[in-house]
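Using mature numbering (1 follows the signal peptide of the UniProt record, and there is no 0), the letters of the sequence shown map in sequence onto residues -22 to -1, 1 to 738. Report on the structure given below.
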Amino acid sequence: MRRRHALALSALALAAALRAHAQDQRLLLDLCINGRCLGSSFVVLRDGHYLIDADALARADIPTGNVPATTIAGHRFVDIAALVHGARASMDAAGTRLDLTLPAEAWSAKQVAVNPAARRLPPASVPSVYANYAADIGSAGRSSLFLDGGWSRGVAVLRSTATWLQHGGWSRGLTRYEYDDLDHMRRWTAGDQFAFSGDGLGGTALIGGIGVSRAFDLDPYLITFPQPTISGVLQAPGTIDVYQNGVLVAQRAVGAGPFSLANLGLGPGSNDVRVVVHDPFGGTRELQQSFYGATAALAPGLSEYAFQLGVERPSQDSGRYDSGRPALLARQRWGLSDWLTAGYRIEAGRQLVNAGPSADIRLPVGYLHLALAASRADGAEGAGQAYAYDYVGRRFGFAAGVQLYSRDYRRLGDDFALARVRSQRYFNASWSPLERFTLQASIGDVAFADGTRQRSEGLSGSLRLGYGATLLLALTRSRTDRDPADTQAFANLVIPLGRGSIGVNAAHDDAGTSYGVSAQRSLPSDTGYGYALDASHGPDGLTGRAELDYQNAYARVAAIGTRFAGRSDGDLLVSGSLLALDGRVFAGRPLDGSYALVEVPGMAGVDITRENQTVGSTDQRGDVLVPGLLPYQANRIGLDQADVPAQYAVGSTAATVSVPRFGGTVVRFDVHPLQAVRGRLRLQDQAVRYGTLEMEVDGTVLRSPVGADGSFYFGDLAAGRYEARLHHEGAYARCALDVPASTAPIRNLGEVTCTPEPAP
């Protein structure tokens, strides 16, 4: 009705505006573009040209901003001949429909996200303090205690670790303050941290200082490596099917015009992408592209960096810093295109400078890494170079690399290294001629500064048998310049059994032949037990390891027994955590991520779920701690409504929350007893006979019919004052409801007097 009224008003205005153009013909036609009808639209026929209302073209996603237009009665009209070259218009014989045939160039290009990034939720948290502990009571004086604690507030966390050894006393581990800058996707760290480089030529040093680095984990939905873009054209709206390596992964509706597919979400290695385009007339065509995904490369426009400055710390066991050994690391890489990632690295220390460039090249078949470096330390100069190639396909994989260092090449951390490497070479290949069979080969060669050399070769094959069983065969040979070659053959058969597995194995080396058995059962996600057994008998007698695990909501216990070289040892490992959050202290299993305190006020025994899996039940206060949340991701937490008595109302049964690293939040579910409200309405000193009483509460409109005696009833209404509206015999009135606090299941408000008001 409103649209017809607007069209009538526009027609009157248009008629008045066209009086100056007697030769113009004004029409209200059904507008169809490339066979798709958009509804009624105004059309002006002037000197044999069709002028189309620009608003109607906008509804068809056709841009007209750069096209000359004529303004008539305040509306922009576009000459179809000026819109795009090749446009055609025709009117049906009845003069009620206008068909436009437009080439694809009339539409602007559309980018279709096949895997659109999920909306990142802002993290919610409350201050909390946690402490993980692991106590190992071992035989022969090998007892120890490990502590890992932290204080979390918002996106910042202060963390520290400590270790106690029975014969070594206490030692401090890593202590640091971390702040996550979500807007810029970076993390600031003050305190103990590892300065390292991943280009193969840089060193590693434990320093105490300050650093800032790119943190892609702050946006877990971001695809950081290059993805292909596939483009096409649709003359009319249609659909596309996207196949990755022969598997249908997405279907999307696409409007007419040029389109490009982005964010395909391809994984690493070789990928074959096929796009089937369906037009509305039943026609199909295919677009194909092969693309190699390299996760080490950066997508165009992305950068990765780390800048760290401090003083070196000899080891984690030593709590002191060497003030005479300052350390600096600066490294950065940029995604310059979908095939090239370039970067640099600079390391500096006491009388040490090391720097060089790097490049990561995504090839049509494989991935190539190149890095060069030069160093100067104590007046001596050195050089290093690294080359690596990697290819991963569905049937074949290959990796090879070499790292070479001159005699005087130095890096951060070399002074604390047990041995300095001068060259490394490796070669790995895998082949899967059958879906169930994989063959792998490897060769390695490492040379050290003292002249020693280690070489190794290996050949292995795995065969998947029926019922999930796997047979592994391996042959390895390793040797050094100082020791004789060691050749070993190994065979292992593993048979899965539900949550566990059993296996038998045999091994042969220069010392003789050994035979063994294994069995394992993993711990459940909640309360339960698990075990692991590995035992073998060989030339040195019986050797093995047995472990029995048990965990509940409060701790994890493991009893471990070992026997090697004729000696038997035992350990009892107890681990868990303490967490202070929202005024309460909870004991639980070791925390390995973020967490949430779920509150269902006053309701004990309500099952709580995480990602639709039950993780615990509320205690007497209606609280339960839910660990294991993924930081900065959407975590779905819910309750089982079947555990809530029928006389209680549940506001919502699920909530989606995001939490920071090592942080926690509080999730409260609104569960309260149902409390009904009733009363009788009066209007102008008379009882209201029939009608409807309605009001809005927390965005929800509640309605109650009014009876012959003016009675009304609401099934659940909390205490407070409410403004309600009465619709009675075509008139309206305002009614104020004052609901008192009470534990009674039904609260009677008695007579409620309403005040007449104008109709809305």
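Heads up, the beta-carbon is just placed ideally off N, CA and C, and yes, glycines get one too.
Collapsed DSSP secondary structure at residue i in the structure displayed
i: ALA102; result: coil
i: PHE194; result: helix
i: ALA(-1); result: Legend: pLDDT at ALA(-1) = 49, less than 50; position of this residue unreliable, value from coordinates given subsequently. ALA(-1): coil per DSSP, three-state reduction.
i: ASP338; result: strand
i: ASP621; result: helix
i: ASP393; result: helix
i: GLU589; result: coil
i: VAL413; result: Here the sequence assigns Glu to residue 413, which means Val is not the residue at that position. Note: GLU413 maps to coil in three-state DSSP.
i: residue 739; result: What is shown of the chain runs -22 to 738, which leaves residue 739 out entirely.
i: PRO579; result: coil
i: ALA183; result: strand
i: GLU735; result: strand
i: GLN529; result: strand
i: GLN418; result: strand
i: LEU244; result: coil
i: GLN294; result: coil
i: ALA274; result: coil
i: SER315; result: coil
i: ASP386; result: coil
i: VAL92; result: coil
i: ASP250; result: strand
i: ARG523; result: strand
i: ASP518; result: coil
i: TYR299; result: coil
i: VAL730; result: strand
i: ALA627; result: strand
i: ARG398; result: coil
i: ASP177; result: coil
Range of the contiguous beta strand (DSSP E) that encloses residue i
i: GLY545; result: Before going on, a small fix: residue 545 reads as Arg here, not Gly. Here the beta strand (DSSP E) through ARG545 covers 545 to 559.
i: ILE50; result: 47 to 50
i: PRO605; result: 601 to 607
i: ARG66; result: 66 to 69
i: ALA378; result: 374 to 383
i: SER19; result: 14 to 24
i: ALA427; result: First-last for ALA427: undefined, no H or E at that position.
i: THR643; result: 642 to 646
i: residue 767; result: The structure shown does not extend to residue 767, since the chain spans only -22 to 738, so no value can be given for it.
i: GLN205; result: No beta strand (DSSP E) contains GLN205, which DSSP labels as neither H nor E.
i: ARG323; result: 318 to 327
i: ILE40; result: Unbroken run through ILE40: none, as it is neither H nor E.
i: LEU346; result: 344 to 355
i: GLY566; result: 562 to 566
i: TYR369; result: 358 to 370
i: VAL535; result: 534 to 542
i: ALA87; result: ALA87 -> no beta strand (DSSP E), and no H or E assigned at all.
First through last residue of the alpha helix (DSSP H) which encompasses residue i
i: LEU35; result: 32 to 37
i: LEU61; result: 58 to 61
Cβ distance (whole Å) where residue i is taken to contact residue j below 8 Å
i: GLY189; j: GLN286; result: 4 Å
i: SER281; j: PHE640; result: SER281 to PHE640, Cβ: 26 Å. No contact.
i: LEU239; j: ILE201; result: Contact flag wrong, Cβ pair sits at about 14 Å.
i: VAL584; j: ASP618; result: 7 Å
i: ASP512; j: ASP487; result: Wrong, their Cβ atoms sit about 17 Å apart, outside the cutoff.
i: ALA355; j: ALA333; result: Contact flag wrong, Cβ pair sits at about 12 Å.
i: SER117; j: THR141; result: Contact flag wrong, Cβ pair sits at about 19 Å.
i: residue 751; j: MET673; result: This structure leaves residue 751 out entirely; the chain is present only between -22 and 738.
Bridge partner(s) assigned by DSSP for residue i
i: THR217; result: ALA231 and HIS256
i: GLY210; result: PHE237
i: residue 740; result: This structure leaves residue 740 out entirely; the chain is present only between -22 and 738.
i: LEU437; result: ALA419 and LEU453
i: PRO304; result: VAL289
i: GLN171; result: ILE185
i: TYR573; result: PRO605 and GLY642
i: ASN406; result: ALA377 and SER420
i: LEU226; result: TYR221
i: LEU280; result: Answer is none; LEU280 lacks a bridge partner.
Practice problem: Identify every run of the beta strand (DSSP E) within the stretch 650 to 723, keeping only runs that are complete inside it and at least 3 residues long; order them along the chain. | Solution: Here the runs fully enclosed are 654 to 661, 669 to 675, 678 to 684, 689 to 692, 698 to 706 and 709 to 717.
Self-check item: beta strand (DSSP E) runs contained entirely in the stretch 443 to 505, provided each spans 3 or more residues
Solution: 448 to 458, 464 to 475, 478 to 487 and 490 to 499
Self-check item: Contiguous alpha helix (DSSP H) assignments of at least 4 residues, all confined to the stretch 105 to 166
Solution: none
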